[in-house]
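*Asks:* My questions will all concern the structure given below.
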Amino acid sequence: MMVRDQLSLKRLWPQASKRLMLLLAFDCTIAVLYSVYDFKFLALSGLPLAPLGSAITIFLAFRTNAAYGRWWEARQLWGSLVNTSRTLARQFLTMLDDGLEDAELAPLGRRLVLYQIAFVHALRCHLRRQNPFPELVGVLGVDDAELLRAYGNVPAAINLKIGRLLKQARHQGMLDSFRWISIDENLTALSNIQGACERIKNTPLPRQFDYLPRLLVNAFCWLVPLGLVGELGLMTPVASVLISFTFIAADVVSREIEDPFENTIHDTPMTSLSRTIEKNLREQMNLPNTLRDVHPVDGFVY
Amino acid sequence: MTDNVHHVIFAINFSDACHAAIPSVARIVDTLSARLTILHVYDPRKKTFREVDSMLHSFFAEADNYPHCERQMISGPVFEGIAEFCRQQKNALLFLPASDRIDLPRPFHRSLRSRILRALPASMWTLNRTQNLVSSPGTIKHVAAWLTRPEEGLDHVRQAAAHAEMMDATLHLLCVVPNVNEGTLGATMFSAAPLGTEYAMTWLNSIVVRLPNRQNVKIHVTQGNRKRMLGKLLRQSQAELLMVSRQSALESDSFRAALNPTFEDCSSALICVAEENSSLLTKTGLGSLKLA
């Protein structure tokens, strides 16, 4: 996620360069043919560029809104994951009757909180199609992490494992039905968050919303020099490329944010959020805080 | 596998390409149970130690949870910094992704990857810009080795075979015979490379019979433009990892200081294998493979 004020052109350029260079060549050709070789028929002064531009703007705005909607929903889901994780950790550490005076020292409570931390890391890796096991080994230890290798959906398996541990605790009399229900509601919330993230990840923006604006922007950019050349002559490429750049940039920017879990610089900052969750939960367990905060790197938080 | 020291050095410059390569690093670290070093070489005239330290610890922050991960900062020129650091490591695999796309002409550009590959006797693992970086997080099931001519040696085939054996993956031997043209006869003066597909098949078969796990080896031979056909063969074989010899990776025309353009559009992770290095090779693999 970008946190600095300016979007560097060097990041925009590679995605717009091919279209812009092609358009610049076309604009120059039109300008030279019209002004030097007197091809007056190239000037289409009656071309309704303004209404066409307005229509494309509506399409682009719609597309950008839809893309932003996906991005913002992803961020909200991870916000609720932060809250649910803290709540669950509190419940694990305070609701289990294990006979120990200091609830934070209870081994089962701690184990459950570690599984909660592992869930967050596994969900991030699951969404980014990244291997979670080196991290899980660090959090859970080799034996518990190895057991999870049998599963394709690791976060769901961790959720199930937490449920099983709680069931065991209930059988041992550490948890009554009311507290069980209360904790189970939050485990269901975790499943819902995961499902919603997977929905965003696996369902692309309808292709019509993607294809049509791009097609119309391209058509408009090719028509702009024909509409301007009668007035501007040899200066047509300057104005035409600037107008085209505006539309292409709007197209590119909305395209960049439509997939918030694609492991790009425009992602939801899942690494930073999972670090926040891990630090908070380790604090709750009174574990030494050795992890550092995640700061923006070159204006981007990952 | 456990007998060998495994160490992956991930050289980063905080670029988008480095960020996009993180899943691949996670995968190889898990596959090899390797120690990971995240290395950054910085210019002290442009950034302070404190700034770089903060950036280095915020990039690939999840690696802090890895069992064996360290971060290294070196000040000074990038090439010298990476080269010096890698020289001090034994059995290390350097991971260096391609630089970010800038889509502008770079007439005096000298590829860092090719400079390092020339200077160091170590193997280098790299990803290209065109690679689909969204890889499956599981283990690698298809490993390929690229063969062009006998002179380049078979170290990379050995390593590919050992890696495939270790991962229980299929090994694919890929060879593209160039089209016959006026220059072909000249090339035969310097190389014993096969000039026909039948010869290439015979050559590859003679290599396969000496491999320990020959049942799990497939041969792919075709004729045509190497760059174009490599893509086709990689799609056919579904190889996720391609091992090439260092000599082959550095083969380029006189005006380029970059990696071999054949691999520019390569859709797999690329490991340029140094002749004597065996960072990916198990001792068992070394013992059981005795190639010409």
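For the protein sequence lines, the chains are A and B, in the order given.
1 is the number of the first residue of the first sequence in my numbering; add one for each residue after it.
1001 is the number of the first residue of the second sequence in my numbering; add one for each residue after it.
Every residue, glycine too, gets a C-beta built ideally from N, C-alpha and C.
Nothing here was measured: the structure is a model prediction, and the numbers come from that model.
1) Roughly how many angstroms separate the alpha carbons of Leu42 of chain A and Met1229 of chain B, rounded to a whole number?
2) Taking only runs that begin and end inside the stretch 1029–1097 of chain B, name each unbroken beta strand (DSSP E) of 3 or more residues, in chain order.
3) Note down the Cα distance separating Lys1090 of chain B from Ser1123 of chain B, rounded to an integer number of angstroms.
4) What are the residues that DSSP puts in a beta bridge with Ala1170 of chain B?
5) Taking the alpha-carbon of Leu1154 of chain B as reference, which of B:His1220, B:Gln1247, B:Glu1080 and B:Lys1232 has the nearest alpha-carbon?
6) Could you tell me which chain A residues have their CB closer than 7 Å to the CB of Ala1026 of chain B, listed as they occur along the chain?
7) Within 10 Å of its beta-carbon, does Thr84 of chain A have 16 or more other beta-carbons around it, so buried, or fewer, so exposed?
8) For Val224 of chain A, which of A:Gln6, A:Met285, A:Ser17 and A:Pro51 has the nearest alpha-carbon?
9) Is the Cβ of His1068 of chain B closer than 7 Å to any Cβ of chain A?
10) Under a three-way DSSP split, which group does Thr268 of chain A fall into?
11) Between the Cα of His1040 of chain B and those of B:Tyr1066, B:Thr1031, B:His1006 and B:Gly1081, spot the shortest distance and give me the residue it belongs to.
12) At what residues does the alpha helix (DSSP H) containing Thr1197 of chain B begin and finish?
13) With DSSP run on the structure shown, which of helix, strand or coil describes Ile1271 of chain B?
14) Go ahead and label Gln91 of chain A buried or exposed: buried means 16 or more other beta carbons lie within 10 angstroms of its beta carbon, across all protein chains shown.
15) From Ala219 of chain A to Pro269 of chain A, what does the alpha carbon distance come to, in whole angstroms?
16) Would you say the stretch 1043–1054 of chain B touches the stretch 251–264 of chain A, given that touching needs at least three Cβ pairs under 8 Å?
17) Residue range of the beta strand (DSSP E) that Lys1218 of chain B falls in?
18) Can you list the residues of chain A that Glu1264 of chain B reaches, using a CB-CB cut of under 8 Å?
19) Is the CB of Asn1065 of chain B under 7 Å away from at least one CB in chain A?
20) For Leu9 of chain A, name the three-state secondary structure that DSSP assigns.
21) Out of curiosity, what's the CA-to-CA distance linking Phe1079 of chain B and Cys1086 of chain B?
22) Exposed or buried, Trp1146 of chain B, counting other C-beta atoms within 10 Å across all chains shown (16 or more means buried)?
23) Determine which residues share a DSSP beta bridge with Phe1010 of chain B and list them.
24) Return the residues of the stretch 1033–1057 of chain B that lie within a Cβ-Cβ distance of less than 7 Å from chain A, sorted by chain order.
25) Does the Cβ of Ser272 of chain A have 16 or more other Cβ atoms within 10 Å, making it buried, or fewer, making it exposed?
26) Give me the chain B residues within the contact set of Arg292 of chain A, using Cβ-Cβ distance strictly less than 7 Å, ordered along the chain.
27) Report the option in A:Lys161, A:Pro107 and A:Gln76 whose CA atom is closest to the CA atom of Ala118 of chain A.
28) Please report the straight-line C-alpha distance between Asp267 of chain A and His126 of chain A, rounded to a whole angstrom.
29) If you drop the 5 nearest sequence neighbours on each side, which residues of the same chain put their C-beta closer than 6 Å to that of Cys197 of chain A?
30) Under 7 Å, Cβ to Cβ, is there at least one residue of chain A near Val1029 of chain B?
31) Taking the alpha carbon of Val154 of chain A as the reference point, which residue from A:Asp293, A:Ile200 and A:Gln130 has its own alpha carbon closest?
32) Can you tell me whether DSSP reads Leu1120 of chain B as helix, strand or coil?
33) If you pair each beta-carbon of the stretch 8–20 of chain A with each one of the stretch 169–182 of chain A, do three or more pairs fall below 8 Å?
34) What is the DSSP secondary structure of Met235 of chain A, counted as helix, strand or coil?
35) What's the gap between the Cα of Thr87 of chain A and the Cα of Gln168 of chain A?
36) So Ile1009 of chain B and Ala1092 of chain B are supposed to be a Cβ contact under 8 Å. How far apart are they, rounded?
*Replies:* From the atom records:
1) 44 Å
2) 1035–1042, 1069–1075 and 1092–1095
3) 11 Å
4) Note that residue 1170 of chain B is Thr in the sequence shown here, rather than Ala. According to DSSP, Thr1170 of chain B bridges with B:His1142.
5) B:Gln1247
6) The answer, in chain order, is Gln130, Asn131 and Pro134.
7) buried
8) A:Pro51
9) no
10) coil
11) B:Gly1081
12) Run containing Thr1197 of chain B: Thr1197 to Val1208, per the alpha helix (DSSP H) assignment.
13) strand
14) buried
15) 36 Å
16) no
17) Val1217 to Gln1223
18) Listed along chain A is no residue with a C-beta nearer than 8 Å to that of Glu1264 of chain B; the closest approach is about 16 Å.
19) yes
20) In this structure, DSSP gives Leu9 of chain A a helical state, which the three-state scheme calls helix.
21) 11 Å
22) buried
23) Per DSSP, B:Ile1038 and B:Phe1095.
24) Of all residues in the stretch 1033–1057 of chain B, the ones placed with a Cβ closer than 7 Å to any Cβ belonging to chain A are Ser1054, Met1055 and His1057, in chain order.
25) buried
26) His1057
27) A:Lys161
28) 14 Å
29) Leu77 and Leu127
30) Interface criterion met: the Cβ of Val1029 of chain B is under 7 Å from a Cβ in chain A.
31) A:Gln130
32) coil
33) Counting Cβ pairs under 8 Å, fewer than three are found: no touch.
34) helix
35) 21 Å
36) 5 Å
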